[in-house]
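In my numbering, the protein residues as written are 444 to 597.
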C-alpha cells in the first residue's frame, strides 16, 4: 500500500492551474503525462504536511495551507501496489517556480485542463476539484489503461 498526495495549485488571477509534465525521472510510471504536484508520504507526515512539502520540492512555491477536496483509491495502479491518494487544492502561494527535478512546470488554463495528456481518470476527477463537495472515489486501471470508477460525494 502506498500513501500519496496530489495538489493542484490554482492561480485565480490567470484562472490557471500549475501542472507538471513528467519527463525527467528514470523509469517514471507517469512519464509523458501531465500531473498535479505531489508524491509519497514521509514517515510521520500528515496528508497536509506531505502536500505542502511536495509542492515546495517540485515547484519551489511555498504554501501555508491546502484544502482537502477528496480521496481516491487506485487498486494496483502500478501493477504492484494499491495507492491511496489525498487530493488538495490551494490558491495561496508565494515564490518563483524552479526547474523541477520531476518535469516541466506549466500554468494550464482551467478551461483546458482536461484537454492535455492526462491519465484518463484524471479527466474525470479534475472537475470535481472545483466543486463544493468532498469526494471519495475508486479508480480502476489494468496494465496502465483506465477501466472504471465509482464515487461518493459528501
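Ideal placement from N, C-alpha and C gives every residue a C-beta, glycine not left out.
Give me the Cα-Cα distance between residue i and residue j, rounded to the nearest whole angstrom.
i, j, result
"residue 481", "residue 513", "14 Å"
"residue 586", "residue 522", "7 Å"
"residue 473", "residue 487", "26 Å"
"residue 502", "residue 491", "16 Å"
"residue 540", "residue 596", "34 Å"
"residue 560", "residue 477", "6 Å"
"residue 494", "residue 565", "18 Å"
"residue 571", "residue 526", "19 Å"
"residue 483", "residue 542", "20 Å"
"residue 489", "residue 496", "11 Å"
"residue 520", "residue 581", "11 Å"
"residue 573", "residue 552", "13 Å"
Excluding the 5 residues preceding and the 5 following residue i in the sequence, name in chain order all residues of the same chain whose CB lies nearer than 8 Å to its CB.
i, result
"residue 554", "458"
"residue 593", "580, 581"
"residue 485", "493, 496"
Is the CB-CB distance between residue i and residue j below 8 Å?
i, j, result
"residue 563", "residue 444", "no"
"residue 463", "residue 558", "no"
Using CA atoms only, rank isn't needed, just tell me which of the options is closest to residue i.
i, options, result
"residue 506", "569, 450, 591", "450"
"residue 465", "548, 579, 575, 454", "548"
"residue 535", "454, 448, 447, 446", "454"
"residue 529", "568, 546, 500, 467", "568"
"residue 500", "538, 456, 511", "538"
"residue 589", "511, 542, 517", "517"
"residue 556", "461, 448, 592, 456", "461"
"residue 575", "485, 511, 467", "511"
"residue 447", "470, 531, 508, 577", "531"
Please return the same chain residues whose Cβ sits closer than 7 Å to the Cβ of residue i, not counting the five positions on each side in sequence.
i, result
"residue 498", "450, 452, 480, 504, 506"
"residue 467", "544, 545, 546"
State the beta-bridge partners of residue i as determined by DSSP.
i, result
"residue 530", "449, 513"
Below 6 Å CB to CB, which residues in the same chain sit around residue i once its five sequence neighbours on both sides are set aside?
i, result
"residue 579", "514, 595"
"residue 533", "452, 506, 509"
"residue 591", "583"
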